[in-house]
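**Q**
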Amino acid sequence: MRWRLTNIWRRLERRNRATEAQAPEPEPEPAPAPAPAPAPAQAVLPVPPVVVPRWIQLVLLPLGILGLWELARAIGPVLLILVFASIAALILNPAVKLLERHSVPRPVGIPLMFLAGVGVLFVVGVILSNPIATQVSHFKDEIPTIARHANQDLGDVQAWLNHRGIDIHIEKQGQTALDTLEKGIAKRSGDIVSFSSDLLQKLAEISFALVLVLVLSIYLLAYSESIGDLVRRIMPSGDGTLQDDFPHLVQRAVLGYVRGQLLFSFLMGTSAAVSLWIFGAVGIFPDGRTYALFFGGFYGLMELVPYVGPFLGALPPVIVALLVNPISAVWVTILFVVLQELEGHLVAPQVFRISLRINPILIIIALLIGDELYGIAGALLALPVSAVLRETVVYLRRHLVLEPWSTAPVGIVSGAGGLAVLPDRCPDCDAPAGPGDAFCRACGASLEPRVRTPG
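Take 539 as the starting number for the sequence shown in the working numbering and just add one per residue.
(1) Assuming Leu860 contacts Ala852 (C-beta within less than 8 Å), just tell me the rounded distance between them.
(2) Taking buried to mean at least 16 other C-beta atoms within 10 Å of its own C-beta, is Gly993 buried or exposed?
(3) Quick check: the stretch 785-802 against the stretch 915-932, are there 3 or more CB pairs under 8 Å?
(4) Return helix, strand or coil for Leu894, following the three-state DSSP convention.
(5) Taking just the CA atoms, how far does Pro848 sit from Phe833?
(6) State the DSSP-derived secondary structure class of Leu653, mapped to helix, strand or coil.
(7) When the Cβ atoms of the stretch 744-760 are set against those of the stretch 619-631, are three or more pairs found closer than 8 Å?
(8) Within a Cβ cutoff of 6 Å, which residues of the same chain sit near Ala904, ignoring the five residues on either side of it in sequence?
(9) Can you tell me whether Pro632 is helix, strand or coil according to DSSP?
(10) Is it the case that the stretch 771-780 contacts the stretch 645-652, given that we only count it when at least three CB pairs across the two stretches are under 8 Å?
(11) On the criterion of 16 or more Cβ atoms from any shown chain inside 10 Å, does Pro947 qualify as buried, or is it exposed?
(12) Report the residue from Trp869, Val846, Ala810 whose alpha carbon sits nearest the alpha carbon of Gly913.
(13) Would the beta-carbon of Ala886 fall within 8 Å of that of Phe802?
(14) For Gln789, count the other beta carbons within 10 Å of its own beta carbon; 16 or more makes it buried, fewer makes it exposed. Which is it?
(15) To the nearest angstrom, how far is it from the Cα of Gly882 to the Cα of Ile857?
(16) Measuring CB to CB, does Leu938 end up less than 8 Å from Pro586?
(17) Using the rule of at least 16 other Cβ atoms within 10 Å of the residue's Cβ for burial, across every protein chain shown, is Ala612 buried or exposed?
(18) DSSP state of Arg963, grouped into three classes?
(19) Taking the straight line between their C-alpha atoms, what separation do you get for Glu879 and Ser775?
(20) For the stretch 737-776, list the alpha helix (DSSP H) runs that are entirely contained and at least 4 residues long, ordered along the chain.
(21) Indicate the three-state DSSP secondary structure (helix, strand or coil) for Val642 in the structure shown.
(22) Are Gly835 and Gly807 closer than 8 Å when you measure CB to CB?
(23) State the DSSP-derived secondary structure class of Val588, mapped to helix, strand or coil.
(24) Secondary structure at Pro864, three-state DSSP: helix, strand or coil?
(25) My understanding is that Val875 touches Pro855, with C-beta atoms under 8 Å, so please give their C-beta distance in whole angstroms.
(26) Under 8 Å between the Cβ atoms of Leu637 and Gly647?
(27) Does DSSP put Pro615 in a helix, a strand or coil?
(28) Please report how far the alpha carbon of Asp909 lies from the alpha carbon of Ala626, in whole angstroms.
(29) Could you check what DSSP says for Val843 in three-state terms: helix, strand or coil?
(30) Got a sec? Which residues, its chain only, sit under 6 Å from Ala791 by beta carbon, not counting five neighbours each side?
(31) Taking all protein chains shown into account, decide if Asp962 is buried (16 or more other Cβ within 10 angstroms of its Cβ) or exposed.
(32) Should Ser1002 go down as buried or exposed, given a rule of 16 or more other Cβ atoms within 10 Å for buried?
(33) Under DSSP, the beta strand (DSSP E) around Val939 begins and ends at which residues?
(34) Which partner residues does Pro848 have in the DSSP bridge list?
(35) Based on DSSP bridge pairs, tell me the residues matched to Ala854.
(36) Express the C-alpha separation of Pro864 and Gly657 in angstroms, rounding to a whole number.
This is the structure we're talking about:
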């Protein structure tokens with residue numbers, strides 16, 4: 539019995555070994571497949587330009603320009619309100635898009651941005667209104683004293699002339715002019731401090747226009763996506779990138795101008811305030827230290843008005859210095875002349891180097907046209923509208939070409955030796971040209987054979 543159990547146990551062990559030997563070996567795990575190589579970035583294909591037919595150049599283009607001019611003159615204030623609202627919408631649209639990226643719906647983001655803008659203006663007004671109003675009120679109270687001192691100086695000058703036997707009478711004329719100037723300054727400064735009936739009426743008209751601008755800008759922001767799609771369908775197609783998207787280019791032009799203009803006004807107003815405070819501290823213009831904030835804020839605000847703004851902003855400190863001491867007026871005039879030189883040769887070129895990029899002659903023409911159409915409001919809108927027009931012209935130059943006034947069929951040009959086939963590459967940018975292309979698809983240049991002058 540014992541031998542049999544042992545024998546059975548050994549047979550079971552031999553059977554287990556045989557079973558393990560016959561079992562298939564486990565297959566090795568397959569090596570991980572290599573990661574697919576990233577697809578190469580597709581190059582942006584140039585968009586063929588839109589060819590403007592000759593009949594459009596001859597008939598529709600001149601009639602369209604004349605029609606737009608007459609429409610701008612006819613609808614007047616309506617167009618002015620529309621332009622103001624469009625610029626406000628273009629300024630606020632990036633902030634609304636930023637809120638959308640942070641999961642804030644557009645119907646909620648639009649009123650939030652307007653409330654934020656009103657809040658910022660209110661805070662700035664509260665911060666500046668008290669010291670500026672105090673300085674203006676103090677200046678109004680000091681006008682009689684300033685005029686009395688000026689009359690005394692005129693009397694001293696008249697006595698000196700009489701003592702020298704010089705028959706020139708300036709005291710009476712000077713006193714009359716000073717009295718008139720005193721009354722005028724007192725009246726204007728009083729208008730700044732207190733509200734008159736005319737001022738209230740003007741404010742009511744401006745407030746109504748601002749309400750219309752506000753409502754219209756809200757609607758423009760609400761339908762900005764639809765308006766952008768409509769503009770893209772009307773304008774020639776871009777290459778699909780953000781750098782060639784016309785609505786984005788227009789918005790960037792307006793934002794660049796606004797940023798540049800605000801920075802420019804802040805720098806010039808701060809420079810004027812600091813300079814006048816230094817003049818007051820050293821005794822050159824004593825009142826400059828007292829009214830530095832008011833004069834600097836007014837000068838910076840007037841910088842928003844093109845060309846005539848700096849002259850208007852310099853008038854109050856020069857007049858006050860003239861009433862106190864003519865020598866102080868000379869120094870203050872020299873100060874603002876220096877500020878103008880710095881503005882024209884250093885500050886303005888650096889600030890507007892990227893934001894505007896328009897020839898100064900075209901800026902002057904735009905200001906004249908804006909003033910002719912809508913006065914001061916038109917002059918204020920002339921520069922941002924010019925920035926938009928510049929971007930429009932640059933975009934159309936990339937995507938529009940004028941059909942040449944020739945009788946040869948497309949792809950074949952008549953030459954001195956008969957009919958010549960157009961080249962297969964652009965002579966300007968060396969881009970390949972199609973078999974029937976009369977213009978380069980990359981730069982829009984004409985592919986007609988060019989005559990080279992000898993030498």
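Beta carbons are placed, not taken as given, at the ideal position from N, Cα and C, and that holds for glycine.
**A** Reading from the atomic positions:
(1) Along the sequence shown, read from residue 1 onward, the residue named residue 860 stands at position 322. Along the sequence shown, read from residue 1 onward, the residue named residue 852 stands at position 314. About 12 Å separates the two Cβ atoms, so there is no contact after all.
(2) Mapped onto the sequence shown, residue 993 falls at position 455. Confidence in Gly993 is poor, its pLDDT being 42 and thus under 50, which makes the residue's placement too unreliable to answer from.
(3) yes
(4) Here residue 894 is taken as the residue at index 356 of the sequence shown, counted from 1. In this structure, Leu894 counts as coil in the three-state DSSP scheme.
(5) Residue mapping note: residue 833 aligns to position 295 of the sequence shown, counting from 1. Residue mapping note: residue 848 aligns to position 310 of the sequence shown, counting from 1. About 12 Å.
(6) Counting from 1 along the sequence shown, the entry for residue 653 is found at position 115. DSSP places Leu653 in helix when its eight states are reduced to three.
(7) yes
(8) Counted from its first residue, the sequence shown places residue 904 at position 366. Excluding residues within five positions, the ones whose Cβ falls inside 6 Å are Ala920, Ser924.
(9) Residue 632 sits at position 94 when you count from the first residue of the sequence shown. Three-state DSSP puts Pro632 in a helix.
(10) With the rule of 3 Cβ pairs closer than 8 Å, the stretch 645-652 does not count as touching the stretch 771-780.
(11) Taking the sequence shown and counting its residues from 1, the one referred to as residue 947 is at position 409. Confidence at Pro947 is low in this model, with a pLDDT of 46, below 50, so the placement of that residue is unreliable and no value is reported for it.
(12) Translated into positions along the sequence shown, residue 913 becomes position 375. Of Trp869, Val846, Ala810, the smallest CA-CA separation from Gly913 is found for Val846.
(13) The residue you call residue 886 lines up with position 348 of the sequence shown. The residue you call residue 802 lines up with position 264 of the sequence shown. A Cβ-Cβ contact shorter than 8 Å links Ala886 with Phe802.
(14) In the sequence shown, residue 789 corresponds to position 251, counting from 1. Under this definition Gln789 is a buried residue.
(15) By 1-based counting over the sequence shown, the position of residue 882 is 344. By 1-based counting over the sequence shown, the position of residue 857 is 319. When rounded, the distance between both Cα atoms is 24 Å.
(16) Numbered from 1 along the sequence shown, position 400 holds the residue referred to as residue 938. Numbered from 1 along the sequence shown, position 48 holds the residue referred to as residue 586. No, the Cβ-Cβ distance between Leu938 and Pro586 is not below 8 Å.
(17) Within the sequence shown, the letter at position 74 stands for residue 612. When all chains shown are included, Ala612 counts as exposed.
(18) Here residue 963 is taken as the residue at index 425 of the sequence shown, counted from 1. In this structure, Arg963 counts as strand in the three-state DSSP scheme.
(19) Stepping through the sequence shown from its first residue, residue 879 is reached at position 341. Stepping through the sequence shown from its first residue, residue 775 is reached at position 237. Distance between the alpha carbons of Glu879 and Ser775 is about 44 Å.
(20) Counting whole runs of 4 or more residues, the stretch 737-776 contains the alpha helix (DSSP H) stretches 762-772.
(21) The sequence position of residue 642 within the sequence shown is 104, counting from 1. Of the three classes helix, strand and coil, the one that applies to Val642 here is coil, per DSSP.
(22) Here the question's residue 835 lines up with position 297 in the sequence shown. Here the question's residue 807 lines up with position 269 in the sequence shown. Against a cut-off of 8 Å, the Cβ pair of Gly807 and Gly835 comes out as a contact.
(23) Stepping through the sequence shown from its first residue, residue 588 is reached at position 50. Three-state result, Val588: strand.
(24) Residue numbering aside, residue 864 sits at position 326 when the sequence shown is read from its first letter. Looking at Pro864 - three-state DSSP - the assignment turns out to be helix.
(25) Counting from 1 along the sequence shown, the entry for residue 875 is found at position 337. Counting from 1 along the sequence shown, the entry for residue 855 is found at position 317. Incorrect: roughly 13 Å between the Cβ atoms, too far for contact.
(26) Start at 1 with the first residue of the sequence shown, and residue 637 comes out as number 99. Start at 1 with the first residue of the sequence shown, and residue 647 comes out as number 109. In this structure, Gly647 lies closer than 8 Å to Leu637 by Cβ.
(27) In the sequence shown, residue 615 corresponds to position 77, counting from 1. In the structure shown, Pro615 falls within a helical segment according to DSSP collapsed to helix, strand and coil.
(28) Position 371 of the sequence shown holds residue 909. Position 88 of the sequence shown holds residue 626. Whole-angstrom Cα-Cα distance: 21 Å.
(29) Along the sequence shown, one-based indexing puts residue 843 at 305. Residue state, collapsed to three classes: coil.
(30) Position 253 of the sequence shown holds residue 791. So the list reads Ala925, Val926, Glu929, once near-sequence residues are dropped.
(31) Within the sequence shown, numbered from 1, the residue matching residue 962 stands at position 424. It is exposed - the Cβ of Asp962 has fewer than 16 other Cβ atoms within 10 Å.
(32) This structure gives no information on residue 1002, because the portion of the chain shown stretches from 539 to 993.
(33) Along the sequence shown, one-based indexing puts residue 939 at 401. Where Val939 is concerned, the enclosing beta strand (DSSP E) stretches over 938-940.
(34) The residue given as residue 848 occupies position 310 in the sequence shown. According to DSSP, Pro848 bridges with nothing at all.
(35) By one-based count along the sequence shown, residue 854 stands at place 316. In the sequence as presented, Ala is not what sits at residue 854; that position holds Pro. Paired residues: none, contrary to the question.
(36) Here residue 657 refers to the residue found at position 119 when the sequence shown is read from its first residue. Here residue 864 refers to the residue found at position 326 when the sequence shown is read from its first residue. Using only the alpha carbons, I get a separation of about 43 Å.
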